[in-house]
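Mind the numbering: the sequence shown is residues 0 to 269 in the numbering used here, read in order. Even glycine gets a Cβ: it sits at the ideal position worked out from N, Cα and C. Before any comments, here is the structure.
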Amino acid sequence: MRNLIAIIAGEPNSINSEIIVKSWKKIKIKRNLFVIGNFLLLKNQIKKYGLKIDIYKINSIEEIKNKKVLNILDVPLNCKSTLKLSILETKNYVLNSLDIAHNLASKKKIKGFINAPVNKTVFKKKILGVTEYLASKNNIKNKEVMMIYNKKLSVVPLTTHLEIKNITSKIKGELIKTKIITLNTSYKKLFKKKAKIAILGLNPHNSENRPNSIENKIIKPAIKKLKNLGVDIKGPFAADTIFSNQKKIDYNVIVGMYHDQVLAPFKALY
């Protein structure tokens, strides 16, 4: 595997190219980074923003030679103009870029990839985002784990891009068990240490520990099963205080029941 990281340009009708270029200029060690996107589109946008940067068009990663310039692995566009892409052109471009990155990663030609934001409407109805799209391509539905990492603390939402009204019906003991086993195994593989996991309840104040609550009927039994399997997991903790009590509880990953339950405070802190 080459020690390369791809940056997927993402949504073409956006400020992604500006963010990529400005970030590139700030990064000191650039030799392992390259962009997957349409060369002409990015060139025109960079020119429009008035940003000064040397870019180089490549058609395969084997062509990456000059590591002082921003290498762009060209994704062809079948359109008359790159100034404004149609909905269909945007969809094809975004999915082609993702597929190229996925293919390179699957063949171990790159270490990984960073995906710039995209408009989720490019995906089919049952696919809610990039996480779910990649899971479907790898046939690991409900086993995929979205982890947002920081050296001090990482967070994992059990469900990802679901609407709030649909979350409760998705919280099942088997889902909790499957995803946390994936998290536990992958964390050790990635960071060479064991995950110490804190899991949250779904409801405010963990439903006051009522007997018929999701916390008591589903989450607590799942925790017990995971502990029996050797997973270092504690909880369920109340979501409204967990992020202010980090020094009191020994953990390095917080697992929440839904996306914003853990991502909102995580992004505020880090």
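- Considering only Ser85, Leu39, Ile35 and Lys47, the residue with the shortest C-alpha distance to Ser59 is Ile35.
- For Lys192, there is no enclosing alpha helix (DSSP H), as DSSP marks it with neither H nor E.
- 7 Å or more divides the Cβ of Tyr55 from the Cβ of Val74.
- DSSP places Lys124 outside any beta strand (DSSP E), giving it a letter other than H or E.
- Beta-bridge partners of Lys233 (DSSP): Ala197.
- Counting only runs of 4+ residues, the alpha helix (DSSP H) found wholly inside the stretch 125 to 181 occupies 129 to 136 and 166 to 169, in chain order.
- When the alpha-carbon of Ser13 is set against those of Leu84, Leu268 and Val261, the nearest one is in Leu84.
- Taking C-beta atoms as the reference points, Ser96 and Ile7 count as a pair closer than 7 Å.
- Under the DSSP assignment, Lys24 falls in the alpha helix (DSSP H) whose first and last residues are Asn15 to Lys25.
- The beta carbon of Lys224 sits closer than 8 Å to the beta carbons of Gly172 and Lys176 from its chain, once the five residues preceding and following it are set aside; these are given in chain order.
- Only exposed fits Pro203, as fewer than 16 other CB atoms lie within 10 angstroms of its CB.
- As computed with DSSP, Phe112 is found in a beta bridge with Ala5.
- Positions of the alpha helix (DSSP H) runs, each at least 4 residues long and wholly inside the stretch 33 to 99, are given as 38 to 48 in order along the chain.
- Between Lys90 and Val121, the CB-CB gap stays under 7 Å.
- In the DSSP assignment, Ile222 falls within the alpha helix (DSSP H) that extends over Lys219 to Asn227.
- Under the DSSP assignment, Val261 falls in the alpha helix (DSSP H) whose first and last residues are His258 to Leu268.
- Residue range Val252 to Gly255 is occupied by the beta strand (DSSP E) that includes Ile253.
- A straight-line Cα-Cα distance of about 32 Å links Asn215 and Lys150.
- Residue environment for Glu207: exposed (fewer than 16 other C-beta atoms within 10 angstroms of its C-beta).
- Separation of Ile253 and Lys193 (C-alpha to C-alpha, rounded to the nearest whole angstrom) is 14 Å.
- Leaving aside the five residues that flank Tyr269 on each side, the residues in its chain whose CB is nearer than 7 Å to its CB run, in chain order, Asn149.
- Going by C-alpha positions, Tyr48 is about 44 Å away from Thr184.
- When the beta-carbon positions are compared, Phe242 and Pro264 come within less than 7 Å of each other.
- Collapsing the DSSP output to three states places Glu10 in coil.
- Assigned with DSSP and collapsed to three states, Ile213 falls in helix.
- Sequence-distant Cβ neighbours of Val261 in its own chain, meaning closer than 6 Å and more than five residues away, are Val154, Pro156, Ile253 and Gly255.
- In this structure, Asn37 sits near Leu76, with a CB-CB distance shorter than 7 Å.
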